[in-house]
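Below: one structure, written as structure tokens.
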Amino acid sequence: MKILVLNCGSSSVKYKLFRFPHPRLIEKGLIEKIGEKDSSVRTHHEAIERVFSDIKEAGFIKSFKEIEIIGHRVVHGGEKFKDPVVINRGVIKEIRKNIKLAPLHNPANLEGIIACGKILPSARQVAVFDTAFHQTIPPFAYIYALPLELYKKYKIRRYGFHGTSHHYVAHEAAKLLGKPLRKLNLITIHLGNGCSISAIKKGKCIDTSMGFTPLEGLVMGTRCGNIDTAIVFYLHRQLGMSIESIDILLNKKSGLLGVSGLSNDFRKVKSAADKGNKEARLALDVFVYALKKYIGSYIMVLGKVDAVIFTAGIGENSRWVVREATKGIKSMLKDSPKVLVIPTNEELMIAALAYKVVKTKGTP
Ligand code: AMP
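So that you can map any letter, position 340 of the sequence shown is 343 in the working numbering, and since no number is skipped, the others follow by simple counting.
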């Protein structure tokens, strides 16, 4: 059977087509600039029509109906979705409800789902949520020390993101270590443009660094990660910045870019630092120091750690980061953890989860 995985962003649709049950990637691609002035693709509906026709024209399918399952990456599942689900009207309603929690992502994810429903109604659609893997985090780790009313009424809490990536590399680590995931304690570290770290106890996520939004936690390409929240008041009251411009500052102009003044691209910052650029060196030091602090705190949270796993663009490629962030870890613990680098594959995980849910749950 063929499974199409879609990642619908605000102006792009990424796709991968797999053959199952013995997973094999058949084709992948990207439609960009949706809705932009000079673009021939005006809507997500048109983009997805393009995906289907590209796949057909390339000869990977003879008829659209060969695609039996469509797996969608959906960013925010709120508290409702702890697992992937076969999409029906109720699921669509819930994803719509969560738009207020992920205003930049959930609308595009929804448009993709609705378009697929119209273009290929025979396919089963499955939503795989970025937040779902983190739904096992206990209340004392997901509740912020704010008036509890804010959680009860408005669901302000830690959700965590990159869940599918953390889940995938944990799964792969279990294979490499030759033990079932439910018997392993792991620290998984996703270091790409966005960065996050998770503590996994006996196969279940018990803490993660991203929070109510993907801004919290580690230093990232353009996001600041953890800062003193009172800086926001200072920027507003003393420097006269608007809430909108502070939002842009913290999300788009901080992190590696903000400190180095050069780039959000790790490779560029590293190469400048190696040539003697002081700000670039400082940016790398700030980046690694934040990471070390998190690894240390998750060791404390987990007690015993079987492996520390690095993934995504920086995690998979920068030996320097892996070495610096784990320096001394082996001598800290009685049973020293393995340090592993495992390439992430969120799309394959989405396809596998979608296949499993359709096989076990069947009709929506
Ligand atoms: P991602 O979001 O997973 O695509 O990761 C993007 C980040 O990975 C960027 O900061 C890149 O500079 C970084 N990256 C990609 N390739 C390498 C590499 N060979 N060495 C170090 N960093 C890399």
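C-beta atoms are modelled at their ideal positions from N, C-alpha and C, and glycine is treated no differently.
- For valine 344, the CB contacts under 8 Å within the same chain, skipping 5 residues up- and downstream, are Ile312, Phe313, Thr314, Gly318, Glu319 and Val325 in chain order.
- Taking each of Gly197, Leu351, Arg185 and Ser201 in turn and checking the Cα distance to threonine 191, the smallest one comes out for Ser201.
- Ligand 1 approaches asparagine 320 closely enough that one of its heavy atoms is under 7 Å from the residue's Cβ.
- Per DSSP, histidine 79 is not a residue of any beta strand (DSSP E), being assigned neither H nor E.
- For phenylalanine 290, the enclosing alpha helix (DSSP H) has its first and last residue at 281-305.
- In this structure serine 245 is exposed. Its beta-carbon is surrounded by fewer than 16 other beta-carbon atoms within 10 angstroms.
- Inter-segment contact for the region 41-50 and the region 88-102 is absent: fewer than three beta-carbon pairs are separated by less than 8 Å.
- Remark: C-beta atoms of isoleucine 64 and isoleucine 72 do not approach each other more closely than 8 Å.
- Per DSSP, threonine 191 is one residue of the beta strand (DSSP E) stretching across 189-194.
- With a cut-off of 7 Å, the C-beta of glycine 206 is classified as distant from ligand 1, since no heavy atom of the ligand falls inside that distance.
- According to DSSP, lysine 100 shares a beta bridge with no other residue.
- Ligand 1 never approaches phenylalanine 164 closely enough for any of its heavy atoms to be under 7 Å from the residue's Cβ.
- Between the C-alpha atoms of isoleucine 332 and lysine 186 there is a straight-line separation of about 21 Å.
- Taking all protein chains shown into account, tyrosine 297 has 16 or more neighbouring C-beta atoms within 10 Å of its C-beta and is therefore buried.
- Under DSSP, arginine 27 takes part in a beta bridge, and its partners are Arg22.
- DSSP lists no bridge partner for asparagine 254.
- Separation of serine 339 and histidine 239 (C-alpha to C-alpha, rounded to the nearest whole angstrom) is 46 Å.
- Straight-line measurement puts the Cα of valine 222 at about 11 Å from the Cα of methionine 213.
- Taking a 10 Å sphere around the C-beta of glutamate 350, we find 16 or more other C-beta atoms and assign the residue as buried.
- Here valine 360 is not near proline 106, since their CB atoms are 8 Å or more apart.
- Counted as a single uninterrupted DSSP element, the alpha helix (DSSP H) harbouring leucine 179 occupies residues 166-180.
- Where alanine 357 is concerned, there is no enclosing beta strand (DSSP E), although the alpha helix (DSSP H) around it starts and stops at 349-364.
- With a contact defined as Cβ atoms closer than 8 Å, glycine 206 and leucine 179 miss out at about 15 Å.
- At least one heavy atom of ligand 1 sits closer than 7 Å to the Cβ of isoleucine 317.
- Per DSSP, the unbroken alpha helix (DSSP H) holding asparagine 112 starts and ends at 109-122.
- Pairing glycine 258 with threonine 211 gives a Cβ-Cβ distance that is not under 8 Å.
- Ranked by Cα distance from arginine 284, the options Val272, Leu294, Ile37 and Ile34 are led by Val272.
- Nearest C-alpha to glycine 181 among Pro217, Ser168 and Asp309: Asp309.
- Residue state for threonine 211 is assigned as strand, using DSSP reduced to three classes.
- Pairing glycine 197 with glutamate 219, the inter-Cα distance amounts to about 10 Å.
- When the five nearest sequence neighbours on each side are left out, the beta carbons in the same chain lying within less than 6 Å of the beta carbon of phenylalanine 23 are those of Met4, Ile6 and Tyr358, in order along the chain.
- Going by beta carbons, cysteine 227 and glutamate 114 fall outside the 8 Å limit.
- Within its own chain, the residues whose Cβ lies closer than 7 Å to the Cβ of lysine 295, once the five positions on either side in sequence are excluded, are Ala328, listed in chain order.
- Phenylalanine 269 has its Cβ nearer than 7 Å to a heavy atom of ligand 1.
- The beta carbon of glycine 220 sits no closer than 7 Å to any heavy atom of ligand 1.
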